[in-house]
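Enquirer: Convert by adding 10 to the 1-based position in the sequence shown; the result is the number in the working numbering.
A virtual CB, placed ideally from N, CA and C, is assigned to each residue, including glycine.
Nothing here was measured: the structure is a model prediction, and the numbers come from that model.
The structure follows.
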Amino acid sequence: MINHIRDFLLELGVGFAFVGSQYHLEIGGEDFYIDLLFYHLRLRCFVVIDLKIEEFKPEFSGKMNFYVSAVDDLLRHPSDQPSIGMILCKSRNKTIVEYALRDMNKPIGVSTYQLRQALPENLQRSLPTVEQLEAELDAVSVEIQE
């Protein structure tokens with residue numbers, strides 16, 4: 011699944027530079043692994059992607075906030091923009107997502123919901139569309155079931 015989504019984002023040609031999959035971070039003496047890490051050339055920021063094959067759960071937002079904070083602190087250059095987090099889930103409940111992200115101050119999107127509502131228009135044009143992400147997740151879901 012990771013390889014399929016990585017290839018999809020790279021094929022979009024909208025400025026994604028692949029940094030790594032299962033990107034290792036050592037924090038506080040513990041090991042953590044980011045599913046997919048990209049650098050967006052036009053936006054000048056890291057894009058952290060966490061893949062979930064289940065419905066969104068509130069604890070996913072805390073994990074993403076942790077990853078985005080760590081990438082900003084450990085990898086981000088002073089001239090880079092703050093990192094963006096994307097949680098790609100099989101499905102999500104809009105109300106649960108709203109409560110989970112309400113007081114977060116980092117740009118984090120959940121599946122298709124948050125990206126459309128929270129990102130400024132100029133950022134939306136530089137990232138994959140909701141339809142492109144949904145089509146890709148549907149294709150991955152079909153492949154997993156076969």
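1. I need the boundaries of the beta strand (DSSP E) containing Ser31, first residue and last residue.
2. Using the three-state DSSP reduction, which class does Phe66 fall into: helix, strand or coil?
3. Cα separation between Glu64 and Gly25?
4. For Leu98, which of helix, strand or coil comes out of DSSP?
5. So, under 8 Å CB-CB, Lys62 and Lys100 are touching, yes? Tell me the CB distance rounded to an integer number of Å.
6. If you draw a straight line from the C-alpha of Ile44 to the C-alpha of Ile97, how long is it?
7. Judging by CA-CA distance, which residue of Leu51, Phe70, Arg52, Arg102 is the nearest neighbour of Ile59?
Expert: Taking the coordinates as given:
1. 26 to 37
2. coil
3. 28 Å
4. strand
5. 7 Å
6. 11 Å
7. Phe70
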